[in-house]
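Trainee: Sending over a structure as structure tokens; questions will come in a sec.
Numbering (UniProt numbering), first residue to last: 1 to 156.
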């Protein structure tokens, strides 16, 4: 069975006119991001970072890594965005922001909600709301499922 990530990659590759990416990040840069955020990225997200860095597909912007200067970066830098939310609204340390819906909700790798491979599921988070009032609803079992859904949504 082909993984969701590989299915998404095929669709991305077949629709290059919708793609804007930063080029793949190096292993060193990915490691630097993990250290800065205090997490280990899941395997499918790490593959995404190595292949694309960060990605805009159609109107969807998926956060990633593309510079060592995390402090002076900006969207769609996953490290900068997550650190910024942690500072601004005290976003919990177990969340890593990978996508902003533009409607007040962000999607995060949630290191408290793990799948069968012991990797973070994707949950919703509403910045600025108290953690106790958050549902942290599980939206996707893994990054690959999220990426495939976003890509298919942009193709509709």
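By construction, the Cβ of each residue, glycine as well, lies at the ideal position given by its N, Cα and C atoms.
Compute the Euclidean distance between the alpha carbons of residue 28 and residue 46, then round it to the nearest angstrom.
Mentor: Taking the first residue of the chain shown as position 1, residue 28 is located at position 28. Taking the first residue of the chain shown as position 1, residue 46 is located at position 46. Residue 28 and residue 46: Cα-Cα distance of roughly 12 angstroms.
Trainee: Would you check if the segment 8-17 and the segment 79-88 touch, i.e. whether three or more CB-CB distances between them fall below 8 angstroms?
Mentor: Touching, no, given that fewer than three Cβ pairs across the two stretches are closer than 8 angstroms.
Trainee: To test your reading of the DSSP string, which unbroken beta strand (DSSP E) runs of 3 or more residues are found completely within the UniProt domain "Knr4/Smi1-like" (24-149)?
Mentor: Segments of the beta strand (DSSP E) lying fully in the UniProt domain "Knr4/Smi1-like" (24-149): 55-57, 60-62, 95-100, 106-114, 120-125, 138-140.
Trainee: How many Å lie between residue 128 and residue 92 at the Cα?
Mentor: Counted from its first residue, the chain shown places residue 128 at position 128. Counted from its first residue, the chain shown places residue 92 at position 92. For residue 128 and residue 92, the distance between alpha carbons rounds to 11 angstroms.
Trainee: Just to check my reading of the structure: residue 96 and residue 83 have Cβ atoms closer than 8 angstroms, yes? What is that Cβ distance to the nearest angstrom?
Mentor: Counting from one through the chain shown, the residue named residue 96 turns up at place 96. Counting from one through the chain shown, the residue named residue 83 turns up at place 83. Between residue 83 and residue 96 the Cβ distance is about 10 angstroms, and since that is not below 8 angstroms, they are no contact.
Trainee: Between the C-alpha atoms of residue 154 and residue 69, what's the straight-line distance to the nearest angstrom?
Mentor: Here residue 154 refers to the residue found at position 154 when the chain shown is read from its first residue. Here residue 69 refers to the residue found at position 69 when the chain shown is read from its first residue. Their Cα atoms are separated by approximately 30 angstroms.
Trainee: How far does the beta strand (DSSP E) with residue 19 in it reach, from first residue to last?
Mentor: What you label residue 19 is simply residue 19 of the chain shown in a count that begins at 1. Its beta strand (DSSP E) spans residues 19-21.
Trainee: Quick one: what's got a C-beta closer than 6 angstroms to residue 33's C-beta in the same chain, skipping five residues either side?
Mentor: Working through the chain shown from its first residue, we reach residue 33 at position 33. Cβ neighbours of residue 33 beyond the five flanking positions: 65, 79.
Trainee: Ends of the alpha helix (DSSP H) at residue 158?
Mentor: Any answer about residue 158 is impossible in this case: the structure gives the chain only from 1 up to 156.
Trainee: Excluding five sequence neighbours on each side, which residues of the same chain lie with their C-beta closer than 6 angstroms to the C-beta of residue 60?
Mentor: In the chain shown, the residue the question calls residue 60 occupies position 60. Here the set comprises 150, 154.
Trainee: Determine the direct distance from the alpha carbon of residue 156 to that of residue 188, and round the result to whole angstroms.
Mentor: With the chain covering only 1 through 156, there is no way to say anything about residue 188.
Trainee: Within the same chain, show all residues whose beta-carbon is closer than 8 angstroms to that of residue 146, passing over the 5 residues directly before and after it, in chain order.
Mentor: In the chain shown, counting from the first residue as 1, residue 146 sits at position 146. These residues qualify, in order along the chain: 98, 99, 107, 122, 139, 140.
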